[in-house]
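The structure under discussion appears below in the form of structure tokens.
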Amino acid sequence: MCSTLPSVVFFFGLSGAGKNFVAEQLHRLTGWPIYDADDDITPEMKLALAERRPFTPAMRDRYFPCIVEHILERKPQDKPLVVTQAVYKQRHRDYLRRSIPGLMLVWVDAPDEVIRERLRCRNKGIEPASAAALRADFERPVDGEPRINNDSDGAQVAEQLMRVFEPYHIVPVKVGGK
Numbered sequence: 000m001c002s003t004l005p006s007v008v009f010f011f012g013l014s015g016a017g018k019n020f021v022a023e024q025l026h027r028l029t030g031w032p033i034y035d036a037d038d039d040i041t042p043e044m045k046l047a048l049a050e051r052r053p054f055t056p057a058m059r060d061r062y063f064p065c066i067v068e069h070i071l072e073r074k075p076q077d078k079p080l081v082v083t084q085a086v087y088k089q090r091h092r093d094y095l096r097r098s099i100p101g102l103m104l105v106w107v108d109a110p111d112e113v114i115r116e117r118l119r120c121r122n123k124g125i126e127p128a129s130a131a132a133l134r135a136d137f138e139r140p141v142d143g144e145p146r147i148n149n150d151s152d153g154a155q156v157a158e159q160l161m162r163v164f165e166p167y168h169i170v171p172v173k174v175g176g177k
């Protein structure tokens, strides 16, 4: 018997770990839609990033109810929604778990040197200095969420994703090609 698919697959981890890359790999395998919750950070969070300041607890507390609402609005009825967002604090991951039925959290991780190089090469998104300021705020997961080590290429990530989703008997689909 197949396990019930999660309603939402939520990739979290440090800036530069490759959450969006991993989400794209899952999309290629399954066709599931992606929502990058960074698109909806609040104006005060954008200002903090521009000024290279970490987010305050109050900023985060105001942000997470907003993205829960956005996730629930975007969630298709017939397939999981794939979401990416750093979610640095365990209490916010716990909040998401309580607020979104069928949520599956997946930690995306990479070695420090790989993350630093990715951030250095970016021409958009978070600045390396902002990422460094936020890094100290990251709380490693304690609940045993699946972990994707994103230190290589798409094929290596796809193999890990297939292992994570093996209990759901996911059959890879071809997306965007012939």
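Anchor point for the sequence shown: position 175 equals 174 in numbering that gives the first Met the number 0, and the numbering is continuous, going up by one each time.
For each residue, glycine too, the CB sits at the ideal point set by N, CA and C.
Computed from a predicted model, the values in this text were never measured in an experiment.
Check for me: the beta strand (DSSP E) holding residue i runs from which residue to which?
{"i": "R146", "result": "R146 to N148"}
{"i": "L102", "result": "L102 to D108"}
{"i": "I99", "result": "Taken as a continuous stretch (DSSP letters only), I99 belongs to no beta strand (DSSP E), as it is neither H nor E."}
CB-CB under 7 Å to residue i, same chain, minus the five flanking residues each way: which ones, in chain order?
{"i": "L4", "result": "P79 and Y167"}
{"i": "A157", "result": "Q24 and L28"}
Quick check on residue i: buried or exposed, where buried means 16 or more other Cβ atoms within 10 Å of its Cβ?
{"i": "M161", "result": "exposed"}
{"i": "V170", "result": "exposed"}
{"i": "R117", "result": "buried"}
{"i": "Q76", "result": "exposed"}
{"i": "V8", "result": "buried"}
{"i": "L95", "result": "buried"}
{"i": "T83", "result": "buried"}
{"i": "R61", "result": "exposed"}
{"i": "L46", "result": "exposed"}
{"i": "A57", "result": "exposed"}
With DSSP collapsed to three states, give me the class of residue i.
{"i": "L13", "result": "coil"}
{"i": "T83", "result": "strand"}
{"i": "I33", "result": "strand"}
{"i": "V7", "result": "strand"}
{"i": "Q89", "result": "helix"}
{"i": "V113", "result": "helix"}
{"i": "F20", "result": "helix"}
{"i": "D38", "result": "helix"}
{"i": "Q76", "result": "coil"}
{"i": "V27", "result": "Sequence inspection shows Arg at residue 27; the Val mentioned does not correspond to that position. In this structure, R27 counts as helix in the three-state DSSP scheme."}
{"i": "P171", "result": "coil"}
{"i": "A135", "result": "coil"}
{"i": "R121", "result": "coil"}
{"i": "E43", "result": "helix"}
{"i": "P166", "result": "helix"}
If I measure Cβ to Cβ from residue i and keep anything under 6 Å in the same chain, skipping five residues before and after, which residues do I get?
{"i": "F137", "result": "L13 and Y87"}
Along the alpha helix (DSSP H) that carries residue i, what are the first and last residues, could you check?
{"i": "Y62", "result": "P56 to R73"}
{"i": "R162", "result": "G153 to V163"}
So, under 8 Å CB-CB, residue i and residue j are touching, yes? Tell me the CB distance rounded to an integer number of Å.
{"i": "V107", "j": "K18", "result": "5 Å"}
{"i": "K178", "j": "S6", "result": "Coverage of the chain is limited to positions 0 through 177, which leaves residue 178 absent and any answer about it impossible."}
{"i": "L25", "j": "V113", "result": "Rounded, the Cβ-Cβ distance is 20 Å, inconsistent with contact."}
{"i": "F11", "j": "L104", "result": "6 Å"}
{"i": "C65", "j": "D39", "result": "6 Å"}
Does the distance between the C-beta of residue i and the nearest non-hydrogen atom of the ligand NAD fall short of 6 Å?
{"i": "V170", "result": "For the structure depicted, the ligand NAD is absent and the ligand set is empty, with no information on it obtainable."}
Tell me which same chain residues have a C-beta within less than 8 Å of the C-beta of residue i, skipping the five on either side of it?
{"i": "I147", "result": "F10, V21, V105, W106, V107, D108, V156, Q159, L160 and V163"}
{"i": "G176", "result": "Because G176 carries a pLDDT of 48, less than 50, the predicted location of this residue cannot be relied on, and no value is offered for it."}
{"i": "V172", "result": "L28, T29 and G30"}
{"i": "P32", "result": "H26, R73, P75, K78, L80 and V81"}
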